[in-house]
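Visitor: Numbering (our numbering), first residue to last: 17 to 232.
Built from N, CA and C at the ideal position, the CB exists for glycine as well.
Remember, it's a predicted structure, so these values are computed and weren't measured experimentally.
I am attaching a structure below and will ask some questions about it afterwards.
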Ligand code: SAH
């Protein structure tokens, strides 16, 4: 678990790359500059590439999202300190760390037991304290609802009703929704209990949001 000046220099460059690609929120860029992304990648052989703007395998057939994607989704959430955020797809915990750096309270769900267990141990070691859950993200977390913001970090075949129901009025859901080979990023604002405003953004490539809990 070593962080070095070289790593720090590389992530400063990564933040500059993301700014050039269009990320404007300075708090998001500072989070990218602060978080030791290499420590979220389990395969040490990949650490030298950790500050390239690319996804990498994290085991269980899953990936740590590309930094641009993480930054783009985080920016869309328009986070204010102390807001309550539900994250679907904890994975490596990197996106969770970005959210925590933004000063919000995070509840994160992962359906892969192995990833859930690894990340639950890793986050506190890096001083990221949050609530992680092993479960099915389609169902959200009714016990802790409502949330100011919800972020889905896997490609959803449709927009889960339970997630819309667990948003506060005025809250936002950021979710990539399947469109053939890729997913359309959607920003959905809850205007009232039954009324939603959807903004369709650009296409991304995510691993799929799968049903139920799984070991696969
Ligand atoms: N934010 C993570 C992204 C990991 S990829 C990171 O940057 O590391 C998406 C994650 O969603 C995977 O870990 C996958 O196992 C998880 N996932 C897929 N379907 C899910 C579901 N129904 N509920 C919760 N997590 C799910």
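Could you compute how far the alpha carbon of residue 98 sits from the alpha carbon of residue 211?
Guide: In a straight line, the C-alpha of residue 98 is about 25 Å away from that of residue 211.
Visitor: How about residue 80 and residue 107: are their beta carbons less than 8 Å apart?
Guide: Going by C-beta atoms, residue 80 is nearer than 8 Å to residue 107.
Visitor: Could you tell me if the beta carbon of residue 107 falls within a distance shorter than 7 Å of some heavy atom in the ligand SAH?
Guide: Answer for residue 107: yes, Cβ within range of the ligand SAH.
Visitor: If contact is defined by three or more beta carbon pairs under 8 Å, each pair taking one atom from either stretch, is the segment 192-209 in contact with the segment 100-118?
Guide: Flag = no, the segment 100-118 and the segment 192-209 do not touch.
Visitor: Any heavy atom of the ligand SAH within a distance shorter than 7 Å of the CB on residue 152?
Guide: Correct: residue 152 has its Cβ closer than 7 Å to the ligand SAH.
Visitor: Does residue 213 come out as helix, strand or coil in the three-state DSSP assignment?
Guide: The answer is strand: DSSP assigns residue 213 an E or B state.
Visitor: Comparing the CB of residue 126 with every heavy atom of the ligand SAH, is any distance shorter than 7 Å?
Guide: True, at least one ligand heavy atom lies under 7 Å from that Cβ.
Visitor: Going by alpha carbons, who is nearest to residue 127 out of 137, 229, 18, 145?
Guide: Closest option to residue 127, Cα to Cα, is 229.
Visitor: When you measure from the CB of residue 51 to every non-hydrogen atom of the ligand SAH, does any distance come out below 7 Å?
Guide: No; taking the cut-off as 7 Å, the Cβ of residue 51 has no heavy atom of the ligand SAH nearer than that.
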